[in-house]
Amino acid sequence: MPFAMFQCAKSIVQSFTGIASEDFNDFVSQHLEDGSSSSMGSAVSFFEGSFAQALAAAADGGQRTEGRQLLLLWLHQKDDEDAQYLCRSLWADPSIAAELACRVLPWAGDVCRYEAGAVCRAVRAECPGLVLIKVCQEGAPGAIEWPRGSFFQVLYTLPARVSPRELLRVLKSVADQQDLQQQLQRQWQQQLLHLEQFGQNVAKALEEAQATSQRLEELRKCEEEERPCWGALFESRYEVTPHAFHPGGFAEAHHAAMDAKKLLLLWLDSSSSTFDPRIMAEEVFEAFVKEYFVFWPGDAEKWLLPVQLKEMLRLEAPCFVILEPLSVYEVEVFPWSDPRHSAVEWPIGCAWAFLGALQQPELSEDALMAFMSQHGDASVVRLAAKEARRQEEERCREEARRLREEQDQEYQESLQKDQQRSSLSAARRRSAQELPKEATAPRKDGCHLVLRFPCGRRAASWSRIVQGCQERGFTAEQTLSEVYDWADCAGELAALSGGTAFEVPEKFLLATTYPKAVLKDQKKTLRQLKLLPSAVLTVCPE
4 MPFAMFQCAK SIVQSFTGIA SEDFNDFVSQ HLEDGSSSSM GSAVSFFEGS
54 FAQALAAAAD GGQRTEGRQL LLLWLHQKDD EDAQYLCRSL WADPSIAAEL
104 ACRVLPWAGD VCRYEAGAVC RAVRAECPGL VLIKVCQEGA PGAIEWPRGS
154 FFQVLYTLPA RVSPRELLRV LKSVADQQDL QQQLQRQWQQ QLLHLEQFGQ
204 NVAKALEEAQ ATSQRLEELR KCEEEERPCW GALFESRYEV TPHAFHPGGF
254 AEAHHAAMDA KKLLLLWLDS SSSTFDPRIM AEEVFEAFVK EYFVFWPGDA
304 EKWLLPVQLK EMLRLEAPCF VILEPLSVYE VEVFPWSDPR HSAVEWPIGC
354 AWAFLGALQQ PELSEDALMA FMSQHGDASV VRLAAKEARR QEEERCREEA
404 RRLREEQDQE YQESLQKDQQ RSSLSAARRR SAQELPKEAT APRKDGCHLV
454 LRFPCGRRAA SWSRIVQGCQ ERGFTAEQTL SEVYDWADCA GELAALSGGT
504 AFEVPEKFLL ATTYPKAVLK DQKKTLRQLK LLPSAVLTVC PE
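Each residue of the sequence shown is one higher than the one before, starting from 4 at the first, in the numbering used here.
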């Protein structure tokens, strides 16, 4: 009985002052209990707190919104049919309740109260009605500030009589859009993070590169300053003077070893050395160097090239290193391959192969002599074999060159003969075209000649066709040279006369058959040669 009286008193107060936001869950439950049997069971659970608290809860991304920052506002005006419809058709719908429970934070407010009324005026919505809003930051497009310091955007305004299907569609559509935007935002943030990390890595790499470049420049300058006076430095430190070292740079020492067909012996010095380097001034050392090596010393702590060689070969200074200088054409691998197991070209123009190194604690006078002797003796055999291979390759190249020259010469001679033959054939053709114009009928002082060729063909000397041969007339005063011209183009004349062309020797002589005599003097006339009135001449190849 007291509880019923409390509920009655509460209803009377609410009719004048409106329903508090904390009491809307009880309000919905009461309508569902008073409803017909067609009302659905589970109801929507509204946020119990003020509008500002609801905005803060949505902004924090609790279990409901998961960072979507969405609120569904129910702006209630009075307990009428619209309120009953909302309670029994929408808030009791399991699908809507499930969607609101996991994706949107619902909040209800009575416009009779100050806070809900202010919200209704801010969103400019009709009452009763539903408004879907999103919490946003200051400066966002369409942002509304209420209460002070809180910002939100209106996404949808729905009437109180909206169907459950339409409300569910709007909720899902907006929530899906927010999910997509959040996914894109997360991806963008990850990309920004990656870019930031990449920028940091680039900046770090640039700093390291700058520091490395500065260090290399310092080493280079130190080497340029100290190398010319290395002998004096060695003498001042150990009170002996070495004579067998190469005073130039690494490239100069490499070229000197190549020219002398020797190995490169490197001394990479260090301040932590326990080895007495005064042995490098003794006669035994100088004798070994003179016979087998080009000796190149360097400071592996302060000079650029010695430092780089030490790091490249992964050695500990002090140490002796033996390299075999090579031609750049003998390097078959990339320069960044392991220099301890393959030939490399470094620096540019200096190719070499690593043969061995003598480091601490094995570094001693006896070990050094054995080390130099071992590689020196082996280098003699290796260099002799290399020289033999070089000479054999040179011989093969010379033989190939000579063969090419002979082939080229034969080709040129053959081409020249073909050109001469072509020119001779063209001249014969022109002569054959001109000779018929000089043909005349037989005269009393004429000479009748018949030519017999090696191919068995014949040619007669009158201007008529005889057995497919073009004849030509000669007078007694014509010279033998004209007969030679006629014989030279007789093969072409046969073709021009409708017969079959035949081959005439390139060089030939004319001879009489009886008495047999060779006719060589081409300046004599036919009368002087006693070829009148007729004669048979044989074409004899030379």
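The C-beta atom is built at its ideal place from N, Cα and C for all residues, glycine as well.
S276 is not a Cβ neighbour of E304, given a cutoff of 8 Å. With fewer than 16 neighbouring CB atoms inside 10 Å of its own CB, Q203 falls in the exposed class. Within the DSSP secondary-structure output, T503 pairs in no beta bridge. As DSSP reads the structure, W299 sits in a beta bridge with L269. The secondary-structure analysis by DSSP pairs D113 across a beta bridge with H79.
A straight line joining the alpha-carbon of S417 with that of C492 spans about 24 Å.
Per the DSSP secondary-structure output, G132 pairs in a beta bridge with L78, P162. Nearest Cα to L271 within the set Q87, Q311, V453, F288: Q311. Using a Cβ distance threshold of 8 Å, L366 and C399 do not count as a contacting pair. Per DSSP, the continuous alpha helix (DSSP H) segment holding E169 begins and ends at 167-229. Rounded to the nearest angstrom, the gap between the Cα atoms of A60 and W110 is 11 Å.
Judged by beta-carbon spacing, A212 lies beyond the 8 Å limit of P350, meaning their Cβ atoms are not closer than that value.
Residue pairing of V486 in beta bridges, as defined by DSSP: absent, with no partner found. With respect to the 8 Å criterion, P167 and S92 are classified as neighbours on the basis of their beta carbons. Note that the region 226-246 does not touch the region 257-268; fewer than 3 beta-carbon pairs, one per stretch, sit closer than 8 Å.
Listed in chain order, the non-local C-beta contacts of K265 below 7 Å within the same chain comprise Y295, F296, V297, local neighbours out to five positions each way being set aside. In chain order, L316, L326, P342, R343 place their CB closer than 7 Å to the CB of F357, counting only its own chain and leaving out the 5 sequence neighbours on each side.
Straight-line spacing of the CA atoms in E242 and C232 works out to 15 Å. Per DSSP, H451 lies in no alpha helix (DSSP H); the unbroken beta strand (DSSP E) holding it starts and ends at 449-455.
In the displayed model, L512 falls within a strand according to three-state DSSP. Annotated three-state conformation of C322 is strand, per DSSP. Straight through space, the alpha carbons of A370 and F291 are spaced by roughly 14 Å. For T478, the pairing in a beta bridge is given by DSSP as G449. Assigned with DSSP and collapsed to three states, K313 falls in helix. With distances taken between CA atoms, E220 lies nearest to W306 out of W306, L76, V126. Ranked by how close their Cα comes to the Cα of M283, the residues Q531, W94, A247 have A247 in first place. Residue F288 holds the alpha-carbon nearest to the alpha-carbon of T244 among A214, F288, G252.
The C-beta of L361 has 16 or more other C-beta atoms within 10 Å across all chains shown, which makes the residue buried. Approximately 11 Å separates the beta-carbon atoms of L522 and A490; this is outside 8 Å, ruling out the contact. With 16 or more neighbouring CB atoms inside 10 Å of its own CB, C353 falls in the buried class.
For R240, the enclosing alpha helix (DSSP H) has its first and last residue at 233-241.
L534 sits close to L452, with the two beta carbons spaced by under 8 Å.
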